[in-house]
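Visitor:
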Amino acid sequence: MQAGGFSISGLHKSYGSNEVLKGIDLSVAPGEVVCLIGPSGSGKSTLLRCVNLLETPNQGTVTVSGFDATDPEVDLNAMRRHVGMVFQQFNLFPHLSVLQNCTVAQTKVLGRPQAGAAAVARENLARVGLEGFEERYPDQLSGGQQQRVAIARALSMDPQLMLFDEPTSALDPETVGEVLSVMRRLAAAGMTMLVVTHEMGFARDVADRVVFMDGGVVVEEGPAEQIIGSPAQPRTQDFLRRVLNPTEVDL
Ligand SMILES: Nc1ncnc2c1ncn2[C@@H]1O[C@H](COP(=O)(O)OP(=O)(O)OP(=O)(O)O)[C@@H](O)[C@H]1O
Ligand SMILES: [Mg+2]
Numbered sequence: 016m017q018a019g020g021f022s023i024s025g026l027h028k029s030y031g032s033n034e035v036l037k038g039i040d041l042s043v044a045p046g047e048v049v050c051l052i053g054p055s056g057s058g059k060s061t062l063l064r065c066v067n068l069l070e071t072p073n074q075g076t077v078t079v080s081g082f083d084a085t086d087p088e089v090d091l092n093a094m095r096r097h098v099g100m101v102f103q104q105f106n107l108f109p110h111l112s113v114l115q116n117c118t119v120a121q122t123k124v125l126g127r128p129q130a131g132a133a134a135v136a137r138e139n140l141a142r143v144g145l146e147g148f149e150e151r152y153p154d155q156l157s158g159g160q161q162q163r164v165a166i167a168r169a170l171s172m173d174p175q176l177m178l179f180d181e182p183t184s185a186l187d188p189e190t191v192g193e194v195l196s197v198m199r200r201l202a203a204a205g206m207t208m209l210v211v212t213h214e215m216g217f218a219r220d221v222a223d224r225v226v227f228m229d230g231g232v233v234v235e236e237g238p239a240e241q242i243i244g245s246p247a248q249p250r251t252q253d254f255l256r257r258v259l260n261p262t263e264v265d266l
């Protein structure tokens, strides 16, 4: 496989007797942007964590940027360096400045000299629209700004693939757009991306493909327009109806 993409086949993952992933096949080609949607508990985060082996699958193969991640001999640290991850909670170090948040892994994991790491960090902070924020601390930033720092931090490791797990779900509504804009720009620049999101407008505009998961299986996948606009499966139809028209329910 070319650098950048990944391929999962026959992936099973259980926690105790709870089988969370029940045989997933999913490939993302280099430069492709795929949005993963599905109800809470369907296994989306678990699937993402299996891609860079933060979780060990019980069965199946995972190939990332040419590394067979499920080969017991594989250099997992080398493989993970190719994969950037952005979570719902930004997980910035509160005691480090914005710049330091973006350099610490570069110096510790990649062994880059401080000056080089700082130059890379500044470049990526500019890329996410945060030039001039280098000396601030996370608690001096809005949620959207913190998430953009988290994206710059991931980009500073020169990933070939970016995984996003609901990157805008914890944000105030008015800061969602700035994070989506950054992601949209990344996609346009050719980054390979797998994005778990409930932002259907973003998925429709940006994703090359949308994958709908439910109950640990891929129920349906296809071009964004088709899956969001006219899904074939009743489970997908039902999910989209609820996401697109949230209504209050009796508790
Ligand atoms: N570390 C864990 N130990 C035990 N069970 C887990 C663990 N992580 C996830 N699970 C279980 O696996 C199932 C799938 O969880 P997962 O977080 O992958 O779903 P999700 O689709 O990401 O949901 P959400 O939309 O709420 O984030 C859930 O039943 C969850 O309780
Ligand atoms: Mg999740």
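Residues 16 to 266 in the working numbering are what the sequence shown lists, from first letter to last.
Even glycine gets a Cβ: it sits at the ideal position worked out from N, Cα and C.
1) Please report the straight-line C-alpha distance between S32 and T212, rounded to a whole angstrom.
2) For ligand 1, which residues count as neighbours when the test is a C-beta closer than 5 Å to any heavy atom?
3) Would you kindly work out how many angstroms separate the C-alpha atoms of Q74 and V135, rounded to a whole number?
4) For M206 and Q115, what's the separation of their Cα atoms in angstroms?
5) What does DSSP give as the partner residues of F21 in its beta bridges?
6) So, is E150 buried or exposed, given that buried needs 16 or more other C-beta atoms within 10 angstroms?
7) Can you grab the Cα-Cα spacing for the pair M16 / V264, in whole Å?
8) Please classify K59: is it buried, with 16 or more other beta-carbons within 10 angstroms of its beta-carbon, or exposed?
9) Ordered along the chain, which non-local residues of its own chain (more than five positions away) have a Cβ less than 7 Å from that of T190?
10) My guess is that R250 and D229 are in contact by the Cβ rule of under 8 Å, so how many angstroms apart are they, rounded?
11) Kindly indicate which residue of Y152, A133, V232 and P188 has the alpha-carbon position closest to the one of S268.
12) Could you tell me which of S24, V143, E47 and V43 sits nearest to L36, measuring between CA atoms?
13) Leaving out five residues on either side along the sequence, give the residues of the same chain with a beta carbon under 8 Å from the beta carbon of D40.
14) According to the neighbour-count rule (16 or more other Cβ atoms, all chains shown, within 10 Å of its Cβ), is K123 buried or exposed?
15) According to DSSP, is G147 helix, strand or coil?
Guide: Reading from the atomic positions:
1) As a first step, residue 32 is located in the sequence shown; it is residue number 17 there, counting from the start. As a first step, residue 212 is located in the sequence shown; it is residue number 197 there, counting from the start. Those two C-alpha atoms are separated by around 28 Å.
2) Y30, V35, S55, G56, S57, G58, K59, S60 and T61
3) Numbered from its first residue, the sequence shown carries residue 74 at position 59. Numbered from its first residue, the sequence shown carries residue 135 at position 120. Each residue's Cα considered, the two are about 38 Å apart.
4) For this step, residue 206 is matched to residue 191 along the sequence shown. For this step, residue 115 is matched to residue 100 along the sequence shown. Distance between the alpha carbons of M206 and Q115: 24 Å.
5) By 1-based counting over the sequence shown, the position of residue 21 is 6. Its beta-bridge partners are V43 and V79.
6) Locating residue 150 in the sequence shown gives position 135, counting from the first residue. Exposed, since its Cβ has fewer than 16 Cβ neighbours within 10 Å.
7) Along the sequence shown, read from residue 1 onward, the residue named residue 16 stands at position 1. Along the sequence shown, read from residue 1 onward, the residue named residue 264 stands at position 249. With a pLDDT of 35 at M16, under the threshold of 50, the modelled position of this residue cannot be trusted, and the question is left open.
8) Numbered from its first residue, the sequence shown carries residue 59 at position 44. Per the 10 Å Cβ criterion, buried.
9) Counting from 1 along the sequence shown, the entry for residue 190 is found at position 175. Closer than 7 Å at the Cβ level, and outside the excluded window around T190, lie S157, G158 and G159.
10) Along the sequence shown, read from residue 1 onward, the residue named residue 250 stands at position 235. Along the sequence shown, read from residue 1 onward, the residue named residue 229 stands at position 214. Going by Cβ atoms, the distance from R250 to D229 rounds to 5 Å, so yes, they are a contact pair.
11) Residue 268 lies beyond the stretch modelled for the chain, which goes from 16 to 266, so this question has no answer here.
12) The count along the sequence shown starts at 1 and reaches residue 36 at position 21. Closest by alpha carbon: S24.
13) Within the sequence shown, the letter at position 25 stands for residue 40. Counting only Cβ-Cβ distances below 8 Å, and skipping sequence neighbours, we find I23, S24, G25, L26 and V233.
14) Position 108 of the sequence shown, counted from the start, is the residue given in the question as residue 123. Exposed, by the Cβ-count rule.
15) Along the sequence shown, one-based indexing puts residue 147 at 132. Here G147 sits in coil by DSSP.
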